[in-house]
Amino acid sequence: MAELELSRVSKTYGAFNALRDVSLKIGDGEFAVFVGPSGCGKSTLLRLVAGLDPVSEGQIAIGGNDVTTRQAGQRPVAMVFQNYALYPHMSVYDNIAFPLQMERRSRQEIKQEVARAAQVVQLSTRLQDKPAKLSGGQRQRVAIARAIVRKPGIFLMDEPLSNLDAALRMEMRSELTQLHRRLGSTMVYVTHDQLEAMTMADRIVVLNGGKVEQVGAPMELYHNP
Ligand code: ADP
Ligand code: ADP
1 MAELELSRVS KTYGAFNALR DVSLKIGDGE FAVFVGPSGC GKSTLLRLVA GLDPVSEGQI
61 AIGGNDVTTR QAGQRPVAMV FQNYALYPHM SVYDNIAFPL QMERRSRQEI KQEVARAAQV
121 VQLSTRLQDK PAKLSGGQRQ RVAIARAIVR KPGIFLMDEP LSNLDAALRM EMRSELTQLH
181 RRLGSTMVYV THDQLEAMTM ADRIVVLNGG KVEQVGAPME LYHNP
């Protein structure tokens, strides 16, 4: 678990301002959902927090530690992408185990952690399968399990449900809400789906043109627009 604080963060690509002077605090264990029109800077913000892209100005702190100059692997975050980003030639087991193998954890420990994460996302019987044999929802659950094993303080999720059909999206919405309750970690979640924002968020952050336009609980935002 970890608090996230952005202080006057800006990101420019050439002359273009993708994020402008964003300051925000997301509480330990909070489920924050970022919404806003396409191109408003949602994915950019996640990439900066993940350390996949450097900030142009400002600071990012996680759990009170300044991580602005730390590499992605040195930040207590795990990211789940819209397109799952699984390794197609590896089994479900090996996909989930991958981050632990990178950390050179013991075989026994890896087995335990993979088994636990697979149970959380209900994939215990599919560990030997390759991703191609799974449904879209199952693939996204593998990606979530691969994030869970790292025990990140902060989960970063970039439109994780937008490739799924409506029925699966509904199922996964409640699964993610339960997962969040169970793990108690901080969630930074990007979507363009208002229903996801309304049903899952503790707090919604509306971005527009790279700036924070509004911040509030779902009821506050949608009852007093
Ligand atoms: P969103 O996720 O809200 O749709 P993004 O964060 O992906 O928006 O993009 C914000 C803006 O920054 C867009 O106008 C996009 O074209 C621009 N942008 C994003 N990444 C780059 C990049 N690597 N180089 C140049 N422009 C970029
Ligand atoms: P060994 O100790 O026998 O060499 P490993 O623990 O290294 O075996 O696992 C070898 C491979 O077997 C793994 O890469 C994985 O694909 C598969 N595997 C191991 N444990 C499990 C498990 N509990 N469920 C499914 N597959 C597993």
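Each residue of the sequence shown is one higher than the one before, starting from 1 at the first, in the UniProt record's numbering. Idealized CB from N, CA, C, for every residue including glycine. Quick caveat, the model's predicted, so the values are computed rather than measured.
Taking the alpha-carbon positions, what's the Lys-11 to Arg-146 distance?
-> 29 Å
Which of the three DSSP states, helix, strand or coil, is assigned to Ala-18?
-> Reduced to three states, the DSSP call for Ala-18 is strand.
Compute the minimum distance between the beta carbon of Ala-72 and the heavy atoms of ligand 3, and state whether it is under 7 Å.
-> Ligands displayed in this structure: ligand 1 and ligand 2; ligand 3 is not among them.
So, are the CB atoms of Ile-62 and Leu-48 less than 8 Å apart?
-> no
Beta strand (DSSP E) segment containing Gln-214, residue limits | 211 to 216
Leu-156, buried or exposed, once every other Cβ within 10 Å from all chains shown has been counted against 16 | buried
Roughly how far, in whole angstroms, is the beta-carbon of Val-206 from the beta-carbon of Gly-36, given that I think they are within contact range, below 8 Å?
-> In this structure Val-206 is in contact with Gly-36, their Cβ atoms being roughly 6 Å apart against a cut-off of 8 Å.
Is Leu-156 helix, strand or coil by DSSP?
-> strand
In terms of DSSP beta bridges, what is Ser-10 paired with?
-> Glu-57
With a CB to CB cut of under 6 Å and the five nearest residues on each side skipped, what residues in its chain are close to Ala-97?
-> Ile-110 and Val-114
heavy atom of ligand 1 below 7 Å from Thr-191 C-beta = no
Express the C-alpha separation of Leu-52 and Arg-75 in angstroms, rounding to a whole number.
-> 10 Å
What span of residues does the alpha helix (DSSP H) with residue 302 cover, start to end?
-> The requested residue 302 is not part of the displayed model; the chain covers only 1 to 225.
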